Amino acid sequence: MGDAQKALAEVKALEQGRARQFEQAADSLKRLEAVVAGSATRGTAGENILARALAQLPPDLLEINVAFGSRIVEYALRLPGGRILPIDSKWTSVAVLERLETVAAEQPQERKRLLEQVVRDVRSKIRDMTKYLDPERTLSLGLLAVPDAVYVAAPEAHGEGYREGVLVVPYSLALPYVLALYRLSLRFGCAVDTDQLASRLRQLEEILRRSADEVESRLSRGLVQAENARDALRDNLLEAQRATERLLRTAAEEPVPAALPAQLSVLAVGGERD
Numbered sequence: 078m079g080d081a082q083k084a085l086a087e088v089k090a091l092e093q094g095r096a097r098q099f100e101q102a103a104d105s106l107k108r109l110e111a112v113v114a115g116s117a118t119r120g121t122a123g124e125n126i127l128a129r130a131l132a133q134l135p136p137d138l139l140e141i142n143v144a145f146g147s148r149i150v151e152y153a154l155r156l157p158g159g160r161i162l163p164i165d166s167k168w169t170s171v172a173v174l175e176r177l178e179t180v181a182a183e184q185p186q187e188r189k190r191l192l193e194q195v196v197r198d199v200r201s202k203i204r205d206m207t208k209y210l211d212p213e214r215t216l217s218l219g220l221l222a223v224p225d226a227v228y229v230a231a232p233e234a235h236g237e238g239y240r241e242g243v244l245v246v247p248y249s250l251a252l253p254y255v256l257a258l259y260r261l262s263l264r265f266g267c268a269v270d271t272d273q274l275a276s277r278l279r280q281l282e283e284i285l286r287r288s289a290d291e292v293e294s295r296l297s298r299g300l301v302q303a304e305n306a307r308d309a310l311r312d313n314l315l316e317a318q319r320a321t322e323r324l325l326r327t328a329a330e331e332p333v334p335a336a337l338p339a340q341l342s343v344l345a346v347g348g349e350r351d
């Protein structure tokens with residue numbers, strides 16, 4: 078009987094130990110779920126999960142801590158054609174998310190205030206992200222990865238980010254977004270041959286220069302000749318007008334001789350006789 082009780086006590090102890098392990102595992106799973114798909118109460122843990130997801134990419138596709146002037150972006154995906162896609166996942170406003178998780182439904186004003194704070198934080202991150210969109214190095218497009226709870230809490234910021242060239246995505250979908258963007262860039266992107274482009278620009282410049290010379294030479298000479306002909310014709314017309322005016326004045330000022338009518342009569346009579 079004593080041995081049976083002892084065995085039963087050992088079984089109970091094992092069951093209690095196993096129950097504690099299950100509880101610990103459940104708590105750990107709950108915390109992990111909160112980070113990835115729920116409240117995201119641990120931004121650092123979410124960033125680590127994202128880092129492990131991006132680590133699955135080939136090493137030649139991903140750069141870490143890429144400098145843009147005096148600023149450093151966490152990740153950058155190398156795209157076909159030599160451009161890069163900046164990726165930022167740092168989220169520091171953890172306290173707001175923790176408070177948002179614990180606030181009761183009976184506190185709508187407090188919950189609204191916390192949600193507005195989350196939206197402001199996302200907008201601030203979007204503004205920071207736009208500083209990485211160098212048109213010489215990027216496609217004027219960046220990816221901002223945020224905790225899933227932040228993504229759900231700030232839907233109005235998604236469209237604002239898109240208009241600024243920043244895609245706001247949750248941690249849990251960051252890698253699929255990255256792969257999709259790379260695929261689209263590979264499918265529809267194109268590499269620019271800068272030497273060929275420079276050559277075409279030089280040709281265009283030469284054509285424009287020749288056109289300008291043509292305007293300045295032939296067309297200008299033609300315009301000058303037309304102006305000279307116009308001036309000469311105008312001078313001739315003025316001279317003819319002045320000569321006509323002189324003749325008219327002379328005819329009006331000089332009287333007709335008195336003998337002239339008689340002479341005209343004689344000539345007229347002589348003509349009739351003939």
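Mind the numbering: the sequence shown is residues 78 to 351 in this note's numbering, read in order. Just so you know, even glycine gets a beta-carbon here, dropped at the ideal spot from N, CA and C. Note that the structure is a prediction, hence the values are computed from the model and not measured.
query, result
"Thr179, DSSP secondary structure in three states", "helix"
"Alpha-carbon spacing of Ile134 relative to Arg188, whole angstroms", "One point to set straight first is that residue 134 is Leu, not Ile, in the sequence displayed. One C-alpha to the other measures close to 39 Å."
"Arg75 and Arg160 closer than 8 Å at C-beta", "Only positions 78 to 351 of the chain appear in this structure, which leaves residue 75 out of reach."
"Contact under 8 Å by Cβ, Lys167 with Glu151", "yes"
"Residue closest to Ala144, alpha-carbon to alpha-carbon, out of Lys208, Arg326 and Arg277", "Lys208"
"Validate contact between the segment 274-290 and the segment 164-178 using beta carbons, cut 8 Å, 3 pairs", "no"
"Residue span of the beta strand (DSSP E) that contains Tyr152, given as start and end", "Arg148 to Arg155"
"Rounded straight-line distance, which links the Cα of Asp165 to that of Gly242", "13 Å"
"Classification of Tyr248 by the beta-carbon crowding that lies within 10 angstroms, buried from 16 upward", "buried"
"Between the CA atoms of Glu291 and Asp205 - distance to the nearest angstrom", "52 Å"
"Spatial distance of Leu244 from Ile126 (CA atoms)", "19 Å"
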